[in-house]
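Line by line, the protein sequences are chains S and Y. Everything in the first sequence is counted per this note's numbering, starting at 3 for the first residue and increasing by one. Everything in the second sequence is counted per this note's numbering, starting at 933 for the first residue and increasing by one. The beta-carbon is built from N, C-alpha and C at its ideal position, and this holds for glycine as well. Computed from a predicted structure; not experimentally measured.
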Amino acid sequence: MDRRKSEAPAGLSKERAEYLRRKKARRRWVLCCQWGLLLLLVALWEVLARLGIIDSFILSQPSRIWRTWATMFVEGELWLHLWVTVYETLVGFLLGVLLGVGLAILLWWSDFVAKVSEPYLVVLNSLPKIALGPVIIIIVGAGTEAIIFMALAISLIVTVLEMLGGFRRTDRDAIRMAATFGATKSQIFRKIVLPSNIGTLFGSLKINIGLSLVGVIAGEFLVSKAGLGYLIVYGGQVFKLDLVMASVIILSAVAALMYEGVVLLQRLVMKHRATTE
Amino acid sequence: MDLLRVQDITESYQAENGEIFALDHISFSMGKGEFLSIVGPSGCGKSTLLSIIAGLLPPSSGSILLDGQEVHGVDPRIGYMLQKDNLLEWRSIWKNVLFGLEVRRQVNEETTRRARRLLQSYGLWEFREKYPSQLSGGMRQRAALIRTLATSPEILLLDEAFSALDYQTRLTVTDDVYRILKKERITTIMVTHDIPESISMGDRVLILTRRPAQVRELLEIDFGPERTPLTCRGDPRFSRYFDHIWKELKSDG
Ligand SMILES: Nc1ncnc2c1ncn2[C@@H]1O[C@H](COP(=O)(O)OP(=O)(O)OP(=O)(O)O)[C@@H](O)[C@H]1O
Ligand SMILES: [Mg+2]
């Protein structure tokens, strides 16, 4: 993308400048509306709750959520639970990616192993992994490990299938070209298959980070010791709906930030590649 | 002695729904620096033959001899250029050109100097930092050729390497390539669907029959020593060769 820009003449034509200006103005307007809508909704929520039109005991209300955050923050609870959830998600995510890509490489490498494991992958892929929760807890104990396992169970098979599909869709002619130079299987993988699948990899990372978070929250629901998932379950059980809402909102922010983190990483890698290759 | 001997090559493909006989006892040999064109009905087994010579595909029977010795598998003395340029989009032209050397772990001062010289003499040096998507079809094809030539092959196999180019570009690129190959004394086998191209470049034209391919005729092309692909197209002998090959191919149905 950067390459194309450099081709444009240094002095912009009038139409081009106008086009760029309009594009920018439009982007700004969209952003304004997005924030405006959010503010409007929050204000509406608050007003309706104060007027008693909606029941703030059940649906909570922005000012109470705010107060909940403040207390949690002061008591240090906020950081603790936030950290636990982020930590578990990241560990589950990294394990899922490493194991998933590793298994995908194995299956790409050996057609025989791929054929043998095909029915297992199909069944595991369609199984709702949350059903494994109790089994996982019995096997590894009701702790952080169980939660990380849960995250792994949810994201692993998807990663394997996604990456394997990408590896297999690699341009056959490009592989053939490498073979004409006598490339070994490992060279073909490193020099053709892997670089062709950087896009697939990041696509899978983006799905994975979300899935890991789903696994972690489900795990925390079951294990109930710490983390945002625990706060949500606990809040629900003792009817502290402010706590539930406060946690859910933090959770969405965490999810969005992690996703953006992957997007940022992708951008860095792409830039690095454009300058080094 | 002959540089390359193709000896009694037979090939059949095995598939679930049956067996396909592609090549039927093909034999010929080539001296150093010679240019051989191969023509034949489509699907007769031309690409199969090149793949076998390149060592990508083991023959069902027969053998390939290089300097009198049988070769098995891919041999560094043989370069094979496919129809598609297959430049890797994520590599700059320079990195693409070094690809073959990299795979063979032969990137060193001497080989990079050769690659640089090749890029310079074929007008691609200024484009070395560009990416394949920024080059025209003719330039891409030349870059792909340089990628193969950079590995210093003694024998070059071209499988319809120019058929993706438009007619004009094709004439100039083939003319360029012909000069390069003759200058470097590279022995070349070129498969083509284009009869004029086969005559204009070949010292001999190998005409194959329908599948399973047999050698129908090995036609000597003689335009004298001063020929180039462009000039010989105007020679009166050109159309005689053309008619001859055309008839041979047509009589085969
Ligand atoms: N991998 C394969 N498995 C089975 N059959 C194959 C395979 N590759 C080629 N064939 C068959 O062998 C025959 C010869 O194929 P080949 O590609 O060598 O012909 P060709 O002369 O190069 O054709 P074209 O003129 O279309 O390039 C064809 O009938 C083709 O269907
Ligand atoms: Mg072919």
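- In the displayed model, leucine 968(Y) falls within a strand according to three-state DSSP.
- The beta carbons of phenylalanine 223(S) and valine 195(S) sit no closer together than 7 Å.
- Taking C-alpha positions only, serine 1065(Y) is separated from tryptophan 1022(Y) by approximately 10 Å.
- Contact between leucine 1089(Y) and leucine 982(Y) holds: CB atoms are separated by about 5 Å, below the 8 Å threshold.
- Taking 8 Å as the Cβ-Cβ cut-off, the stretch 1016-1028 of chain Y approaches chain S at Lys1016, Asn1018, Leu1020, Trp1022, Arg1023, Ser1024, Lys1027, given in chain order.
- Placement of the Cβ of serine 1065(Y) at a distance of 6 Å or more from every heavy atom of ligand 2 is found.
- Annotated as distal: isoleucine 132(S) and glutamate 90(S), with beta-carbon spacing of 7 Å or more.
- Just measuring C-alpha positions, the residue of Ser992(Y), Leu1077(Y), Thr1101(Y), Gly1156(Y) sitting nearest aspartate 956(Y) is Ser992(Y).
- Taking the Cβ of threonine 980(Y) as the reference point, at least one heavy atom of ligand 1 falls within a distance shorter than 6 Å.
- Of Glu1086(Y), Arg1142(Y), Val971(Y), Ala1047(Y), the smallest CA-CA separation from serine 1132(Y) is found for Val971(Y).
- Contact note: methionine 247(S) does not reach chain Y at a C-beta cutoff of 7 Å; the least C-beta distance is about 46 Å.
- Look at threonine 161(S): its C-beta is not under 7 Å from any C-beta on chain Y.
- Judged by the Cβ position, tyrosine 232(S) fails to qualify as a neighbour of ligand 1 at the 6 Å threshold, every heavy atom of the ligand being at least this far.
- Distances taken from the Cβ of glycine 975(Y) to the heavy atoms of ligand 1 include one shorter than 6 Å.
- Using a C-beta cut-off of 8 Å, the stretch 964-978 of chain Y makes contact with the stretch 1115-1123 of chain Y, since at least three inter-stretch Cβ pairs fall below that distance.
- Distance from glutamate 48(S) to proline 64(S) at the Cβ level is roughly 5 Å; contact confirmed, criterion being Cβ atoms closer than 8 Å.
- Under DSSP, threonine 1104(Y) takes part in no beta bridge, so it has no partner.
- Between valine 162(S) and leucine 105(S) the beta-carbon gap is near 5 Å, inside 8 Å, which marks them as a contact.
- With respect to chain S, the C-beta atom of tyrosine 1110(Y) has no partner C-beta closer than 7 Å.
- Lysine 208(S) and asparagine 127(S) have their C-alpha atoms spaced approximately 18 Å apart.
- Closest in alpha carbon position to leucine 154(S), among Asn199(S), Val103(S), Ile107(S), is Val103(S).
- Look at the beta carbons and you see the stretch 265-279 of chain S not touching the stretch 947-954 of chain Y: under three pairs across the two are nearer than 8 Å.
- Relative to ligand 1, the nearest heavy atom lies less than 6 Å away from the CB of alanine 954(Y).
- Listed along chain Y are Leu1014, Asn1018, each with a C-beta nearer than 7 Å to that of methionine 179(S).
- Going by DSSP, arginine 1046(Y) is part of the alpha helix (DSSP H) stretching over 1041-1053.
- The beta carbon of glycine 1032(Y) sits closer than 7 Å to some beta carbon of chain S.
- The alpha-carbon of leucine 245(S) is positioned some 11 Å away from that of alanine 72(S).
- When distances are taken from the beta-carbon of alanine 181(S) to the heavy atoms of ligand 1, even the shortest one reaches 6 Å or more.
- Exclusion of tyrosine 89(S) from the 6 Å shell around ligand 1 follows from its C-beta lying no nearer than that to any non-hydrogen atom of the ligand.
- The three-state secondary structure of arginine 1142(Y), taken from DSSP, is coil.
- Straight-line spacing of the CA atoms in arginine 1142(Y) and leucine 1162(Y) works out to 30 Å.
- In the structure shown, the three-state DSSP call for tyrosine 945(Y) is strand.
- Residue pairing from DSSP leaves glutamate 79(S) without any beta-bridge partner.
- Taken in chain order, the members of the stretch 981-1004 of chain Y whose beta-carbon sits within less than 7 Å of a beta-carbon on chain S are Ala986, Leu988.
- Among the residues of chain Y, none has a CB under 8 Å from the CB of phenylalanine 223(S); the nearest is roughly 43 Å distant.
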